[in-house]
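Residue numbers (full-length UniProt numbering): 1 to 114. A short write-up of the structure that comes next.
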């Protein structure tokens, strides 16, 4: 019988490319919990150059929880953040946090009407 591939032997840059395709909330809540390697990759600032978070349609998360997740992603970017989309929620405190920690920011999307 053919042996299954050991996914942990995959090159880091390939794993990073795969994880980069997850949305921000999936990276924050799930990917880092899969294994130690994924946890390390999810700590790379390059994984957080783009943050895209929207209010979840099922309403299970409060705006406060979403804001805390967004701040966590901004912090993980270590100043490398260039693009933020936060549709459906935003506070002055969150905007201050983004401004303070994102000197390379080029694009800020708040909602379709702004």
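Glycine is no exception: its CB is placed at the ideal position from the N, C-alpha and C atoms.
Check your understanding: What residues in its chain sit with their C-beta under 8 Å from that of residue 58, if we drop five residues either side in the sequence?
Key -> Stepping through the chain shown from its first residue, residue 58 is reached at position 58. Note on residue 58: pLDDT 49, under 50, position unreliable in the model; no value is reported.
Check your understanding: Under 9 Å, do residue 77 and residue 51 count as touching if we go by C-beta distance?
Key -> Looking up residue 77 in the chain shown gives position 77. Looking up residue 51 in the chain shown gives position 51. Cβ atoms of residue 77 and residue 51: closer than 9 Å.
Point to revise | Alpha carbon of residue 107 to alpha carbon of residue 74, nearest angstrom | key: Residue mapping note: residue 107 aligns to position 107 of the chain shown, counting from 1. Residue mapping note: residue 74 aligns to position 74 of the chain shown, counting from 1. Looking at the two C-alpha atoms, the distance is approximately 14 Å.
Point to revise | Nearest neighbour of residue 86, chosen from 80, 79, 95 [CA to CA] | key: Numbered from its first residue, the chain shown carries residue 86 at position 86. It is 95.
Practice item. Please classify residue 110: does DSSP put it in a helix, a strand, or coil? Key: Here residue 110 refers to the residue found at position 110 of the chain shown. Here residue 110 sits in coil by DSSP.
Point to revise | Cβ-Cβ separation, residue 47 to residue 27 (assumed contact under 8 Å), whole Å | key: Position 27 of the chain shown, counting from 1, holds the residue named residue 27. Position 47 of the chain shown, counting from 1, holds the residue named residue 47. Their Cβ separation, rounded to whole angstroms, is 7 Å, which keeps residue 27 and residue 47 in contact under 8 Å.
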